[in-house]
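Residue numbers (the working numbering), protein chains in the order written: chain A, 40 to 287; chain B, 40 to 287.
Number of protein chains: 2
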Amino acid sequence: MAEEFELPADVALLWGLRETPRRGRKPSLSVAEITRAAIEVADAEGLGAVSMARVAQQLGNATMALYRHVKSKDELLKLMSDAALEEPPPMPPATDWRAGLTLWATTVLATFRRHPWYARIPLSGPPLGPKNLAWFDSALGTLADTPLDEGEKVTVVMGLLTFVHGEMRLTTELAESFRENPEVFGPSYARALRQVVDPRRLPALGRVVDAGVFDHPNLYDEQDVDADFRFGLDLYLDGVAAYLARRG
Amino acid sequence: MAEEFELPADVALLWGLRETPRRGRKPSLSVAEITRAAIEVADAEGLGAVSMARVAQQLGNATMALYRHVKSKDELLKLMSDAALEEPPPMPPATDWRAGLTLWATTVLATFRRHPWYARIPLSGPPLGPKNLAWFDSALGTLADTPLDEGEKVTVVMGLLTFVHGEMRLTTELAESFRENPEVFGPSYARALRQVVDPRRLPALGRVVDAGVFDHPNLYDEQDVDADFRFGLDLYLDGVAAYLARRG
DNA sequence: GCTAAAGAGCGTAGCTCATACGCAGTTAAT
DNA sequence: ATTAACTGCGTATGAGCTACGCTCTTTAGC
């Protein structure tokens, strides 16, 4: 951990490595507090409500005071996206890779669901924040006893993370849309499809519609969404198992 | 396709079902043109550059003229997200489900890559746009000869779409970040990791770093990214194959 | 103790955006 | 010919980000 190379400013902020000021007025604000306030606002009112003014108000300060601690709103968003991840759960002893990755994926997803705005924060590079790296380590750790080499472990974990990110995007955005507009997930969806789908042009979709697959009173059902996630997750993990068998 | 039930206004717009005005000045603008112009701007300058003023300028009109055709910027974004999808490719005859889904997934991803802003447009409900439904139909069609029931087909396709969406998000956002900031994907990443990762706290990640997995001159390599996608896709499809074997 | 540098908080103002409102000009129906 | 319907768009409002610089506070150095 030699400090020969200077870390980028935002990474240093993520790790809380700012050197403490020696003179001047005591700061009444800190990066951590600002980040926490921003997350509170985003959780309660959505990412759209996170303005510098709103966050400052949450802290009882003036808007411009935040800029002493944070370079820009973009930087604040980056800080939020690491801080929102809590610590990864400890793996129970003697967890095999499959149980471990299943626990990992469902916990990641549950964390994302608690902060639905997470999917809207742009990625700005490979992971470097402490929480991000802790989760990364946790996933890699579940594969420790497999015959995969280190590069393969990363690839398998990235594939899983890709799937979880997709699920997060679909899930949280549809959930939000459901909250403010439940009708589009009701019977009117099947009705609209029947109006708009010409079975000659879209035969496969026509068959699905005819089979009544969309004739639920509520297409956005928590239970169904979770079951679909588990189904897709299991398919991916079946693939990993097959790869391990071929490999090991 | 009886019109007994009124389609929502935005869906009607997507399908071009607005009744043509009988009186008044001939429109010099159309929803399709506005959408196309907005997509041009987004492709060339990013979604951030898409303002009502910029789109109007692209068309040589005044800002407020757009509002005669489009209710709000949000509605324009919805229109963009359907129009950006081109038509799905015709499946070569006698394509089996696996080749079909592979072709489908890679084509979807290629389409997304041509419009990197796609991942940033919020989903507003289940798919109803013509292009979206065409792609949906195309994927479902590849599963026509399998023993899956219609509901299972939807689940399998949604799982695959989830994975592709995740890949799209990671891929396009990292690509954008790479374009405007290539250094963070260079050797400085491994250097930063070595400074910040304590092998006692993050042992699995420490092993990966030590193994030199991140010691590439460029972590964001098109080839590698594609290979990783193919690897994850194959794992998922292996899982589907196993499910089909169990099922059929 | 005194002075000055360093740093915090923040008021003001400039710029970009979305969009409500209403006017003026244009076309087709009557 | 008249008028209803409809388009294009100028103006204005309010919200948001943030550059700049002033003022007050704290501590280092003497």
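Here a beta-carbon is modelled for each residue, glycine too, at the ideal position from N, C-alpha and C.
Short CB-CB distance (under 7 Å) between residue i and chain B
i	result
P132(A)	no
D49(A)	no
V279(A)	yes
F270(A)	yes
R6(A)	No answer is possible for residue 6(A): the residues shown for chain A start at 40 and end at 287.
E84(A)	no
D121(A)	no
R208(A)	yes
Y228(A)	yes
E72(A)	no
S216(A)	yes
V147(A)	no
G55(A)	no
L118(A)	no
T201(A)	yes
L46(A)	yes
Three-state class that DSSP yields for residue i in the structure shown
i	result
A133(A)	coil
R286(A)	helix
L274(A)	helix
H255(A)	coil
S216(A)	helix
V236(B)	coil
E58(B)	coil
M40(B)	Summary for M40(B): the model assigns pLDDT 44, below 50, so the residue's position carries little reliability; its value from the coordinates is reported in the next sentence. Note: M40(B) maps to coil in three-state DSSP.
T210(A)	helix
G180(A)	helix
L199(A)	helix
P221(B)	helix
L68(B)	coil
A250(A)	coil
L115(A)	helix
E261(B)	helix
P186(B)	coil
L241(B)	coil
G63(B)	coil
P226(A)	helix
Buried versus exposed, by CB contacts within 10 Å (16 or more), residue i
i	result
L121(A)	The amino acid at residue 121(A) is misidentified as Leu; the sequence shows Asp. Buried, because 16 or more other Cβ atoms sit within 10 Å of the Cβ of D121(A).
Y106(B)	exposed
K192(B)	buried
P169(B)	buried
F44(A)	exposed
E84(A)	exposed
L272(A)	buried
P66(A)	exposed
D49(A)	buried
K110(B)	exposed
T74(A)	buried
L56(B)	exposed
T181(A)	buried
E126(B)	exposed
T211(A)	buried
G190(A)	exposed
S163(B)	buried
M103(B)	exposed
A284(B)	exposed
T59(B)	exposed
S177(A)	buried
Below-7 Å beta-carbon distance, residue i vs any chain A residue
i	result
R285(B)	no
L274(B)	yes
H204(B)	yes
V247(B)	yes
D267(B)	yes
V252(B)	yes
G139(B)	no
P161(B)	yes
G225(B)	no
E212(B)	yes
V196(B)	no
P193(B)	The amino acid at residue 193(B) is misidentified as Pro; the sequence shows Val. For V193(B), the answer is yes, since a Cβ of chain A falls inside 7 Å of its Cβ.
**OP:** Entirely within the segment 78-112 of chain A and at least 4 residues each: give me those alpha helix (DSSP H) ranges in chain order.
**Re:** Qualifying alpha helix (DSSP H) stretches, in chain order: 91-98.
Original post:
Which runs of the beta strand (DSSP E) spanning at least 3 residues fall entirely within the segment 127-176 of chain B, listed in chain order?
Top reply: none
Original post:
What residues from the segment 163-190 of chain B come within 7 Å of chain A, judged by C-beta to C-beta, listed N to C?
Top reply: S163, G164, P165, L167, L172, A173, F175, D176, L179, G180, A183, E189, G190
Original post:
What are the residues of the segment 83-106 of chain A that lie near chain B, defined by any Cβ-Cβ distance shorter than 8 Å?
Top reply: none
Subject >> Members of the segment 231-247 of chain A near chain B, C-beta cut-off 9 Å >> reply: For the segment 231-247 of chain A, which is checked against every Cβ of chain B, the residues closer than 9 Å are A231, L232, R233, Q234, V235, V236, D237, R240, L241, P242, A243, L244, G245, R246, V247.
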